[in-house]
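Residue numbers (our numbering): 1330 to 2049.
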């Protein structure tokens, strides 16, 4: 149980995620929170003392008059010691000087603001306001000028500083709605992992290349060197995460706040809960700051009801004592569980022995030579990748139930599947339908008995890795699948054998399927062809490999640019390629991008017109209000009623114009999101500097509405 060092109550609700601590005068830490009706309140406890600073006298309010979507405090000017307040809305970013009560800058953000992080990038020591939005990340300097831009796969939900190697955390750890964890070094993606759900929380831990994460489905865990160390799942919704050395052992713990008001503190290396507490309302934010200004960091927990609790690190001796007691209790519980299991096994063996002595047939004994074979193969008839289990022993052994634990939530957002054969059989087939292309480790428990009514079952646990592109069937005759006219081509400094090794790992291929030697004097190998089975429409993949001087030419034919990008990224990751140029020809996508840019231009023009119309109506409203008030003072009631009738009509017109503008904004966001996703896919056809160049050239083309330049960057990889 955690004991708070102080407890504050503001009587104001705190919206989820809208809280931060900043030194707006350069000295004193102030808590800043977003509340209802587009307001922000700033609490400065150092004017009256922390114990008596929970009332309204130490709180000042800032009216934003817009729905607040993100909030952060930090220093953007390296020559100043004062922090500024950054407030994000659906279409704007405000930088505010709290002490001087002045706006530093106000800029429009077409992609919206979903999260804000203040930090620096490699090669640039000046801090930037890094904004996560609609499939993009933008960086603004202290003057509000755009200094950084790159694309992401989906809506960005969280950004955290990160260090892949020892040194300052200048890389960006980004979580988005496409279930991906990405590490950005400037515009380049240096690492990427796919999780089971939307990534909503990220925080870097002390050691380099170690961080904790949280998902929308209630899962939290820790990664080290981009490998998952542990994870746990809760039935409650995760609200906030932070890292804090609460037991004072020099190693930070993972702190998580939940929708039921619970606060859990877990060991970073094992995930074991070491401290916990609970508030009456859902957690809004968990922060770390020296709020008491005594040189000691405190853990601040803010609830949505406006309650704030502060926790101090426990002493080293107390923390170690609590950990030892918890470890002893856990060890004792494990021994008691093991004892219960052994007693149950002993009772089962005694029952079987009695049955054998009395001449009854023993039903619970599983043969010692039991073996379960497991195969995986795509089946185009069922549109699934079928996992087949076959139990074979000298005696008839029935598979009564099969439980498959699926890693990553790849299959219809479920964590496990239970399959019971309708008729008793020694085999069982489980259809698997991954919803995305991701390699997954699956754990299969096979329950086996001598008959369907057996009370005692043997349990075998098997493990298997599904290839990333398991939903594609190998086609032995290329003539059966037409070759399409969209492709990506590139040259690798690798042998063809290495490329075929990747094919063998990424797909399910039968024996002797891959070619062993070229079939033409030019060094071209026979094409390797696959066909997608997860939809009624054909989705073929042609891979053509040719041996050339100093490397290998590769041409991949696919229907869509996103599938081509996934294939290129997986291949280069397998081969360890750091730089790759490519040429891409995707006529359908090029036509789509032309239509999207035209739509964006039309929507921008309409937005300007709607804004001007609303400004004109607002001016007329002000005039009529003055006229109506003058008529009231002069006692001219008929004239006053006529003015108010006109005001009522103008008010309805304003509401209608607002609806038009809101619909226009939603359509513009949707179009910009599709443009950013197309740029992301085009950049993923390259690796390293060529990828960065594509992103930069596409950004300039979108800014200038240059369709030809954008298509050239997508196809050829940007200008040299």
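All residues carry an ideal CB built from backbone N, CA and C; glycine is no exception.
For clarity, every value in this text was computed on a predicted model and none was experimentally measured.
Using the Cβ count rule (16 or more neighbours within 10 Å means buried), how would you classify residue 1336? Exposed: under 16 other Cβ atoms inside 10 Å.
In whole angstroms, give me the CA-to-CA distance for residue 1758 and residue 1437. Rounded to the nearest angstrom, the two C-alpha atoms are 55 Å apart.
Thinking C-alpha only, which one of 1917, 1805, 1350 is nearest residue 1369? Selected option, being the one with the closest Cα: 1350.
Would you decide whether residue 1539 is buried or exposed? Buried here means 16 or more other CB atoms lie within 10 Å of its CB. Under the 10 Å beta carbon count, residue 1539 is surrounded by 16 or more other beta carbons and is classified as buried.
So the alpha helix (DSSP H) residue 1919 belongs to, where does it begin and stop? Segment 1916-1962, the alpha helix (DSSP H) holding residue 1919.
Do you know how far the Cα of residue 1340 is from the Cα of residue 2053? The requested residue 2053 does not occur in the structure, where the chain is confined to residues 1330 to 2049.
List the DSSP bridge partners of residue 1831. Its beta-bridge partners do not exist; DSSP assigns none.
Is the Cβ-Cβ distance between residue 1503 and residue 1514 less than 8 Å? No, Cβ-Cβ distance for residue 1503 and residue 1514 is not below 8 Å.
Alpha carbon of residue 1450 to alpha carbon of residue 1751, nearest angstrom: In this structure, the CA atom of residue 1450 is about 59 Å from the CA atom of residue 1751.
Do you know offhand how far residue 2052's Cα is from residue 1483's? Residue coverage of the chain in this structure runs from 1330 to 2049, which leaves residue 2052 outside it and unanswerable.
The alpha helix (DSSP H) spanning residue 1522 covers which residue range? In this chain, residue 1522 is not harboured by any alpha helix (DSSP H); it is covered by the beta strand (DSSP E) spanning 1517-1523.
With a CB to CB cut of under 7 Å and the five nearest residues on each side skipped, what residues in its chain are close to residue 1956? Cβ contact annotation for residue 1956 (same chain, cutoff 7 Å, sequence separation greater than five): 1972, in chain order.
Cut-off 6 Å between Cβ atoms - residues of its own chain near residue 1911, not counting five sequence neighbours on either side: 1817, 1819, 2014, 2015.
Expressed to the nearest angstrom, what Euclidean distance is found between the alpha-carbon atoms of residue 2059 and residue 1762? For residue 2059 there is no data in the structure shown, the boundaries of the chain being 1330 and 2049.
Contact test: residue 1898 Cβ vs the ligand SAH heavy atom, cutoff 7 Å: Only the bare structure without any ligand can be found here, which leaves the ligand SAH out of the picture.
Closest to residue 1629 by C-alpha separation, out of 1467, 1571, 1425, 1599, would be which residue? When only C-alpha atoms are compared, the closest one is 1571.
Whole angstroms is fine: what's the gap from residue 1599's alpha carbon to residue 1497's? A straight line joining the alpha-carbon of residue 1599 with that of residue 1497 spans about 26 Å.
On the DSSP bridge list, what partners appear for residue 1749? Paired residue(s): none; residue 1749 is not in a bridge.
Does the Cβ-Cβ distance between residue 1354 and residue 1395 come in under 8 Å? With respect to residue 1395, residue 1354 sits apart: the two C-beta atoms are not nearer than 8 Å.
Strand pairing of residue 2003, partner residues [DSSP]: Under DSSP, residue 2003 takes part in no beta bridge, so it has no partner.
Are there 16 or more other CB atoms within 10 angstroms of the CB of residue 1800, so buried, or fewer, so exposed? Answer is buried; the Cβ neighbour count reaches 16.
What do you get for residue 2031, buried or exposed, if any count of 16 or more other CB atoms within 10 angstroms of its CB means buried? Counting every other CB atom within 10 Å of its CB across the protein chains shown gives residue 2031 a total of 16 or more, marking it as buried.
Candidates 1731, 1841, 1359, of which the one nearest residue 1622 by Cα: It is 1359 whose Cα lies nearest to the Cα of residue 1622.
Would you kindly report the start and end of the unbroken alpha helix (DSSP H) that includes residue 1338? Element bounds for residue 1338: not the alpha helix (DSSP H) but the beta strand (DSSP E), 1335-1338.
What is the rounded straight-line gap between the Cα of residue 1492 and the Cα of residue 1387? Looking at the two C-alpha atoms, the distance is approximately 38 Å.
So which of 2039, 1334, 2041, 1347 has the shortest CA-CA distance to residue 1633? Out of 2039, 1334, 2041, 1347, 1347 has the C-alpha closest to the C-alpha of residue 1633.
Any idea if residue 1879 is buried or exposed, counting beta-carbon neighbours within 10 angstroms, 16 or more meaning buried? Flag for residue 1879 reads exposed.
So, using beta-carbon positions, are residue 1862 and residue 1709 closer together than 8 Å? Residue 1709 sits close to residue 1862, with the two beta carbons spaced by under 8 Å.
Exposed or buried, which one is residue 1991 when buried takes at least 16 other CB atoms within 10 Å? Residue 1991 is exposed by the Cβ-count criterion.
Among the candidates 1933, 1765, 1824, whose CA atom is the shortest distance from the CA of residue 1524? For residue 1524, the closest alpha carbon among the candidates 1933, 1765, 1824 is that of 1765.
Whole-angstrom C-beta distance between residue 1432 and residue 1423, which should lie under 8 Å: Their Cβ separation, rounded to whole angstroms, is 7 Å, which keeps residue 1423 and residue 1432 in contact under 8 Å.
How do the stretch 1883-1897 and the stretch 1837-1854 stand: do at least 3 beta-carbon pairs fall below 8 Å, yes or no? In short, these stretches do not touch, since the Cβ pair count stays below three.
Over what stretch of residues does the alpha helix (DSSP H) that includes residue 1810 continue unbroken? Looking at the DSSP string, residue 1810 is not in any alpha helix (DSSP H), and its letter there is neither H nor E.
Alpha-carbon to alpha-carbon, residue 1593 and residue 1604: Residue 1604 and residue 1593: Cα-Cα distance of roughly 6 Å.
Helix, strand or coil for residue 1375 per DSSP? In this structure, residue 1375 counts as helix in the three-state DSSP scheme.
Below 8 Å on the Cβ atoms is my guess for residue 1815 versus residue 1916; work out the distance and round it to an integer in Å. Sure, about 6 Å apart at Cβ, within 8 Å.
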